[in-house]
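Input: a single structure, listed below in structure tokens.
Chains as they are written, first to last, in full-length UniProt numbering: chain S, 1 to 445; chain X, 1 to 445; chain W, 1 to 445; chain V, 1 to 445.
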């Protein structure tokens, strides 16, 4: 992933040096398990840990380059790594990796990286949830117009909007926890996964120390349906980011101006139009969501490897492993910051709510008319008449609001007087269930 | 979905008549809940149920066409349906749908359809698991060559191959159960989801009777991240189908011939080459997997609806709702039948296992040499020498098998004699962990 | 594709009966070519044409069912068809399909169907271009605010907006013509495409009569990169539909109301909110675009068939062949109707243009100040000062417009007086290049 | 893109320094055009070129960091760049970028980068075509079994296989040339693309000097359908790479062994199985193809920007611009090297061709029997009988080949004697059209 969209902690998980360190940990643990079982000498395992440990810990750019240089000859990354480590460990190194295959190391290491990445992402969502909850309660009863099809519908509250996004990110958190479990497995099963050359207890030992489950059947590789499920989850989370980003983009439109991304002092909106404050963060998030979604199908295409394994998944994962997690980490953090500082304009919300002459209260009137005994069809027609009259004249000198038009309608006044109408249109009626909904979402209201 | 890939039970879920029947059930339940709360007269709810019930039950092609005819005027499907039902229910029909929106009906009905579809798919997987388990145990110890990169690696058993697919479909079943829960929610929340015009207890009542959970925040629509998760899961299951189908395609290759799809009497393989038995079922499944995966991204693009809702998701779902579930149902059933009848050729497996002169036992020899005290590098070189010699001469008059070549190598014989070598290469060694793996997968071995 | 999104002409291309008729035409033409070459008796070709022609022409639902019944036994669609035709043609039928394979018929027929579909789609775009051009000229100088990031930027004209979409659909037309050429090839090349059993002149003859090119190398199948290019093009066209649909959705927002989809008499916008006129057509188009895009990746996954061919592409194409073309045909026609009748509100455009107190003229003032000798940085600062002051007070009692704020700024007035400022802000300046752009796009202004 | 899959020349196109240099070139050209038109002083344009040129040329890591530091304050990349350049150019810098917007620079620069990338990719394909043509002629008449469904069908030649891939890459070249033209446009059109603040002649001047066409309507941005078409083309090329890679993977299977990727001295196939030569290059290419295809949908989702532009496309393009072109460049080069050195085993091809006892000649016999007067159905039955008998006994002691079985069939011998049968089965018959096909593909045979 390009540096612009990378954060250091997530980036570090995917550094070559860190990957080698994880490889070493797997090899060292496997050796210890084998020593315990008597498959290799106890001194060998000790030498691997004691000489290899510091060597692995000290891997920096120069060592990475040294390993890469070996790989350019052997054309095999794990052999290159083992060769490099062997040079530091000495003759006991021959007991390292015994009965194992490269995939045992590669796939288990990838599982470690992905679980760490998942942990960061879950933490990112936790941070986001805090802001969403805070802002939702802050605006629990801030009236704003609810819009279906981009058209004013009926009043809702800004807090309810945020509660919906909060609930979605709670689901996304649950999905990420499940996705983490999907890929948190260890395979130390040897060639074609028969565990003929490596005892299942070695696998169990390594898995236990790494906090992973044992893969029930690894045909040399950890099956890729797990990774497909993982990356699909990232795509769903990204789509949730896009939904909230799209909401902010809409709210910041010049005609709406109900909310604005925080404008940093010194920030320039445009090289030519200084008055502009563009929702560039949320637009950026929209693009990042497309990007993360784009990694889902390649991950699914990786599932159908040939026979016990082929290596076609590898080039895909070398790219999307870091790219998808780094981009999503960045996006979640950006979204959190954006929501934390989002500037909200309740007075603009109120102005927009009233901008259509009150026709947004039509549903409440329709209900009241029906309850007053009018047939649904007649009530619908009456409300439509008044609403159309209001709508058509909107912004013209002859404009009359919805209430006025209703009170000029004999069919309406036959059943409801002005007081009854005002009671029916009382905005407080719109929010009667807000507490109930908040309680469902947050456990409190 | 085209009839060719449709099965009646899944198809029925998506028929227009069935959809209208579900709509009615939702409306009738909502009316009953409202009557209980006193929002509408009890007689109204009774009339809706008693007059509407038989009318809904009797919906057939003619009635569907009648409703469609109304929709062509109103350009609104739910209003068309309510009008049609109202004609049969009479004046009490005005109490139907009170305070509700179309989405309350549409989204809850879609949830009912998707949960039913999920139930069928879970049943499909159960049927598949039965066959996979049966065949896995049948061939638990049938030796076959394990292949990585399409190249012979080391022996495994055909049962182990199937155990791997079984384990994957167990995971897929778990995922489908989770996906079912994702979309099993009910929303009766009225305009923009505030539940201002419809009591939350109505929603709870309807949800309870339909076996659904209450949607915590439905902004008029059930949030589409749920559906994205559902369709993504179908894409993962489809990819698992492709993996098994790809295995069968490989095994049926003329050069491999280890297994064959059942060839029906009367079936013609090709219009021109009568000897051919083509793996057309598994190829067909490969294509169906691509198709089902293709529906994932549109479902994810549906997440970011505008504000409280727009209707852009609808055209997508009208197509992929039925298409994805029908195609996957068909594919799972086809796969089950294919695996049930798959013709397996153990003698071909054995022949292929031995076809490379024994080099597939190199790993066992490498291990034995190392354990006998040779350095890993030296052992690697010795095994590589013998293997290369075997490999290079393969199929030529001067061909000598791996064992012979090893016994001609002084470095090898310095450490191992023929008996030790035969012990090291004993194929039984390859299967020592099969029972352990089977126990992990099936709970028995 | 569901009937709701199907139009009869495109649908007809994909009917089973029509497919069989095309199959027959290919067989009959091939027989005629073979008769000309002396490969088969001339009477045979004549009998095939004369007896087969009417039989093929008369294929209706009953005959389709008869062929399907044969297929259920033979499990081979082309053999079933040949058997059915043979029953009507008599003994000469044995000369039909000689040296050919099923794919020769299937792939060439698919090419015929796709080219016909492409022709309809090109016609659809032509119809759309007519409306876009008409509306573009109608509103060539209708001022409207140009928006970047959803934020008011500078004035443009509604005609210019449409000119941009027109230019995109001209490109889409060009792409569709190229896509049509991609798939307009014929393969009559026999098993594995060697043309060993069928003379290349037969292929050339059939191709010529069907208006197709000869496929240079068909390895039994027409290579699927052609189809991938075709479906990718449909995905691009669909994305262009989405762009215009998104524009309309934005313009119809309650806060913007610059344009509206035509509202049919009798149409009901919502079951609960009668005043609503929702942009349901453009939302529907947005969803259809997602759907058509979803077919692109499966088509690309179809490219890598195994060896000379496998049949995994078939199930994909049985679905996406009709679905993608039918959905796109429907979408283009719906878009054309929508644009034809789109209700446009120039007065609302004007009102929105002025809604921000004139800050949208800042760029013109910035330029004027720079030209009057102010440094870019100073001019930027001055304009930003005035713009920010205008923006901040917007809608408040103390509001002053951009012009007033500029004239209160000594740095500005030191270089420009009111007259100079008015000249700089003259809206006519914004449209000086409209004719030039129109000429580039339409060849006239 | 990760360094592992990057080649220096393509990488250089996407370096930050190179991007800034292209930005400068656009600004300098625009200034020169404006000076020519008298919009800015001639000395200003000269100063920009003379002082800015060396400053831009000298941009290295330190300067990139300096510009990035400015961006961290201004939060605007183009303003940061202009500020940096202005520091070196002096007061005349204020005439730079006049009337332009950031997008004018960004989008035109992106067009320059993409056209350069396209040029490299076209060159890559040219290099590939050379190898494919060379190997195709080398093996024009090398017999090999053609396979449909992975099942032996009829003989073809290895040269014909390659000719098919050659033809596909000729098409891919044509598509890349078209894709290059799609994105080779220049926009210098100012805010919302009206060209109100920048003369169309400036745009024409810049376009001409950069070898780009003028964008007919750029609504501040170059419309993204162009880029969608570009990236879709990369996805199609990638799929063609996958097709050839899949062929090699199949040919290298242990059971097939008709071809092998070149095995470098020192290369280690596996850490555990030294005899293995895995088709790791072609597997790697398969994965890279998935990756490049994954970028197609995000590019298509970029098309529907809001109104005159939003910036959601930017994050997508910052990643997929380099990633897709770098990965495809690498993949094409790797494929070329792989095909250049591919080790081909004609004797294995011959052995496989004969492995099924001659049943692969059934089509020729079927044709001969039909021509000898047998009905198609009877001939089909006879051939099927003999083929089935051959097939069933294959590899068993009682095995008899196809020819023997045919000669034991009275229905066959009633019409054909052994000589006639041998003539019918003569393999030379399979290759009669190879020259004709080669001529169609290469213009020579």
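Think of the CB as a built atom: it goes at the ideal place given N, C-alpha and C, for glycine as much as any other residue. Source: prediction; values computed, not measured.
Straight-line gap, residue 241 (chain S) to residue 327 (chain W) (C-alpha atoms, nearest Å): 29 Å
Through-space distance from residue 132 (chain X) to residue 140 (chain X), alpha-carbon basis: 11 Å
Chain-order list of residues whose beta-carbon lies under 7 Å from that of residue 309 (chain V) (same chain, five-residue window excluded): 103, 219, 220, 221
Residue span of the beta strand (DSSP E) that contains residue 153 (chain V), given as start and end: 151–157
Chain V within 8 Å of residue 98 (chain W), Cβ atoms only: yes
Simplified DSSP assignment, three categories, for residue 311 (chain W): coil
Exposure of residue 343 (chain X), with buried meaning 16 or more beta-carbon neighbours within 10 Å: exposed
Pairwise C-alpha distance: residue 41 (chain V) and residue 49 (chain V): 13 Å
Chain-ordered chain S contacts of residue 283 (chain V) [CB-CB under 7 Å]: Below the 7 Å Cβ cutoff, chain S contributes 310, 311, 312 as neighbours of residue 283 (chain V), in chain order.
Pairwise C-alpha distance: residue 124 (chain S) and residue 156 (chain V): 58 Å
Whole-number beta carbon distance between residue 56 (chain V) and residue 24 (chain V), since they are thought to touch under 8 Å: 4 Å
Cβ-based contacts, 8 Å cut-off: residues of the segment 131–152 of chain W near chain S: Listed by position along the chain: 145, 147, 148, 149, 150, 151, 152.
DSSP state of residue 344 (chain V) mapped onto helix, strand, coil: strand
CB contact check: residue 235 (chain W) to chain X, cutoff 8 Å: no
Any C-beta of chain W under 8 Å from that of residue 34 (chain V): no
Spatial neighbours of residue 109 (chain W) in its chain, beta-carbon cut-off 7 Å, leaving aside the 5 residues before and after: Residues of the same chain with a CB within less than 7 Å of the CB of residue 109 (chain W), apart from the 5 flanking positions on each side, are 19, 22, 23, 26 in chain order.
Proximity to residue 115 (chain V) [Cα-Cα], best of V:51, V:148, V:226, V:47: V:226
Neighbourhood of residue 313 (chain X) by C-beta, 7 Å cutoff - its chain only, sequence neighbours within 5 removed: 224, 302, 305
Cβ neighbour criterion (16 or more within 10 Å) applied to residue 430 (chain W): buried
Against chain W: residues of the segment 341–357 of chain S by CB proximity under 9 Å: 347, 348, 351, 352, 355, 356
Inter-residue spacing [alpha-carbon to alpha-carbon] between residue 355 (chain W) and residue 362 (chain S): Approximately 28 Å between the Cα atoms of the pair.
is_contact[residue 338 (chain W), chain V] using C-beta, thresh 8 Å: Contact with chain V is absent for residue 338 (chain W), since none of that chain's Cβ atoms lies less than 8 Å from the residue's Cβ.
Pair within 8 Å by beta-carbon distance, residue 187 (chain W) and residue 168 (chain W): no
Cutoff 8 Å: residue 124 (chain X) Cβ touching any chain S Cβ: Cβ-Cβ to chain S under 8 Å: no for residue 124 (chain X).
Presumed contact (8 Å Cβ cut-off) between residue 335 (chain V) and residue 285 (chain V), rounded CB distance: Confirmed, about 6 Å.
Separation of residue 39 (chain S) from residue 17 (chain S), as counted between CA atoms: Cα-Cα distance, rounded: 29 Å.
Per-residue DSSP class, three states only, for residue 144 (chain V): strand
Reference residue 412 (chain V), options V:173, V:383, V:427, closest by Cα: V:383
Limits of the unbroken alpha helix (DSSP H) element including residue 201 (chain V): Note, residue 201 (chain V): alpha helix (DSSP H), 200–210.
Rounded distance between the beta-carbons of residue 329 (chain S) and residue 7 (chain S), thought under 8 Å: Your pair residue 7 (chain S) and residue 329 (chain S) checks out as a contact, with CB atoms roughly 6 Å apart and the cut at 8 Å.
Which of helix, strand or coil DSSP assigns to residue 19 (chain S): In the structure shown, residue 19 (chain S) falls within a helical segment according to DSSP collapsed to helix, strand and coil.
Residue 428 (chain X) and residue 435 (chain X) closer than 8 Å at C-beta: no
Residue 348 (chain V) to residue 255 (chain X) span [Cα, whole Å]: 12 Å
8 Å Cβ shell around residue 341 (chain W) - same chain, five flanking residues per side excluded: 261, 262
Contact under 8 Å by Cβ, residue 360 (chain V) with residue 145 (chain V): At a Cβ-Cβ threshold of 8 Å, residue 360 (chain V) and residue 145 (chain V) count as neighbours.
Residues in the UniProt domain "Adenylosuccinate lyase C-terminal" (357–442) of chain X having any Cβ partner in chain S nearer than 8 Å: 363, 364, 367, 370, 375, 376, 377, 429, 430, 431, 432, 433, 434, 436, 437, 440, 441
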